[in-house]
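Everything below concerns the one structure shown next.
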Amino acid sequence: MLSSEHTRRDAELRALRRRQPYAIDVDGLRIWVAQDVFPPDLGYSPRRLAAVLGRYTPHRALDMGCGSGYLALVLSKNGAREVWAVDNHPPAIACTMANVARNPPLRVRAVESDLFASIAPSTTFDLIVFNQPFYPSTAPGGVFGMKRDGGRAIIERFLIQARGFVGRDSVILMPFSQMAGAENDPGAIAARLGYTSRIVRRDDDGPHAHVIHEIRARGGAS
Numbered sequence: 001m002l003s004s005e006h007t008r009r010d011a012e013l014r015a016l017r018r019r020q021p022y023a024i025d026v027d028g029l030r031i032w033v034a035q036d037v038f039p040p041d042l043g044y045s046p047r048r049l050a051a052v053l054g055r056y057t058p059h060r061a062l063d064m065g066c067g068s069g070y071l072a073l074v075l076s077k078n079g080a081r082e083v084w085a086v087d088n089h090p091p092a093i094a095c096t097m098a099n100v101a102r103n104p105p106l107r108v109r110a111v112e113s114d115l116f117a118s119i120a121p122s123t124t125f126d127l128i129v130f131n132q133p134f135y136p137s138t139a140p141g142g143v144f145g146m147k148r149d150g151g152r153a154i155i156e157r158f159l160i161q162a163r164g165f166v167g168r169d170s171v172i173l174m175p176f177s178q179m180a181g182a183e184n185d186p187g188a189i190a191a192r193l194g195y196t197s198r199i200v201r202r203d204d205d206g207p208h209a210h211v212i213h214e215i216r217a218r219g220g221a222s
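Printed below as a string of structure tokens:
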């Protein structure tokens, strides 16, 4: 059974969705948030992931589940030569493309895809960031992709598929909050699937710790 805290968060998410569409300025980027598209000003993860991205210098990078395209734009702004943005939600792809146009000269390749389904198997990414939907949702059909299982199924499916798209030195970044429950922790799921994982950022500024995991194929650099 989901807690009253989860129910309260669902209400906050629905209220935010009712505000859409709207425009915001984030990290020097002009972001349009279309209707029913995951926004960069929701919760702890997007801005903290953006800060951590500055530690890496990928040539080819992927923003999986891109929503508005905010993290893809951050990657391009940081100097990544080739940035992909992937989402299975057509309004998110349209929103990302609109935001690329709003932020010249940044360049992003937006692809509608169910995870890696529409990406050529020969493609390898130096960095993949996935701000996965990891909070359990009580709302029928979920809110912003968040389901009742807290994201466990999509985390597992993503990490299984990602093996074919990362190299020895590639990095996967995924956030997590203790509020979501240990069974939805991508670090633990990654370890079970044969990856190595370490926490590269931890924030204890609320009732639950919020972390960002750096996940690598076993045997890669650390």
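Take the sequence shown: its position 187, counted from the start at 1, is 187 in UniProt numbering, and no numbers get skipped. Each residue gets a CB set at the ideal place from its N, CA and C atoms; glycine is no exception.
Where P40 and R168 are concerned, what is the direct C-alpha to C-alpha distance, given to the nearest angstrom? 30 angstroms
What does the Cβ neighbour count give for R8, buried or exposed, with the cut at 16 atoms within 10 Å? exposed
Which ranges does the beta strand (DSSP E) cover as unbroken runs of at least 3 residues, wholly within the segment 143-216, from first to last along the chain? 166-177 and 195-203
Quick one: Cα of Y22 to Cα of T196, how far? 39 angstroms
Name the one or two DSSP bridge partners that V129 has. D63 and L173
Starting from L73 and walking both ways along the alpha helix (DSSP H), at which residues does that stretch end? Y70 to K77
Straight-line gap, A110 to N103 (C-alpha atoms, nearest Å): 15 angstroms
Using beta-carbon positions only, say whether I212 and V52 come within less than 7 angstroms of one another. yes
Give me whichever residues DSSP pairs with L29 in a beta bridge. V26
If you run the structure through DSSP and keep just helix, strand and coil, what is residue 234? This structure gives no information on residue 234, because the portion of the chain shown stretches from 1 to 222.
Reduced DSSP category for R102 - H, G, I as helix; E, B as strand; rest coil: helix
Selection from D205, H208, A188 and D204 that minimises the alpha carbon distance to E214: A188
Nearest to R81 (by Cα), restricted to the options F125, R47, L29 and D27: F125
For C66 and I93, the rounded distance between their alpha carbons: 8 angstroms
From the DSSP output, in three-state form, read off V52 for me. helix
Check R109 in the structure and name its three-state DSSP category. strand
Span of the beta strand (DSSP E), counted from its first residue to its last, around V83: E82 to D87
Roughly how many angstroms separate the alpha carbons of G54 and D205, rounded to a whole number? 22 angstroms
Could you tell me if residue 303 is buried or exposed, where buried requires 16 or more neighbouring beta carbons within 10 angstroms of its beta carbon? One cannot answer for residue 303 here, as it falls past the ends of the chain, which runs 1 to 222.
Contact defined as beta carbons within less than 8 angstroms: I believe V74 pairs with D27. What is the distance between those atoms, to the nearest angstrom? 7 angstroms
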